[in-house]
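See structure below.
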Amino acid sequence: MTKELLEKADEFENRTLSHMSTSDRVAASREAKALILSINEIYKETKDSNLMDIMKRLTEKKKKIEKRLKGNPLA
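Heads up: the sequence shown at position 11 corresponds to 10 in numbering that gives the first Met the number 0, and the numbers run straight through without jumps.
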């Protein structure tokens with residue numbers, strides 16, 4: 000279970016963000032959220048610092064996707 004979850008997280012991290020449609024960005028954001036929450040459940044039990052590092056990297060990528068979805072605020 001954890002091995003395939005970590006493989007999915009690694010695949011998500013290495014995916015390119017360029018040339019994505021809006022619906023692709025929404026799907027990627029939701030996938031990142033699901034991965035982070037799944038890894039967090041395992042982290043709660045094991046307290047493995049590697050899992051925390053993975054969650055941090057996924058969160059950064061998710062923030063970039065969401066920033067692009069929301070766009071720049073008009074001043």
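Glycine included, each C-beta is placed from N, C-alpha and C at the ideal position.
task = Can you grab the Cα-Cα spacing for the pair E65 / L50, in whole Å?
result = 22 Å
message = Between the alpha carbons of L4 and E12, how many angstroms are there, rounded?
response = 12 Å
ask   = Can you find at least 3 beta carbon pairs, one from the stretch 38-49 and one from the stretch 14-29, that sit closer than 8 Å?
value = no
DSSP-derived helix/strand/coil call for T15 = coil
request  = Kindly indicate which three-state DSSP category S9 falls into: helix, strand or coil?
outcome  = Note that residue 9 corresponds to Asp in the displayed sequence, not to Ser. Note: D9 maps to helix in three-state DSSP.
Under 7 Å between C-beta atoms of L34 and L57 = yes
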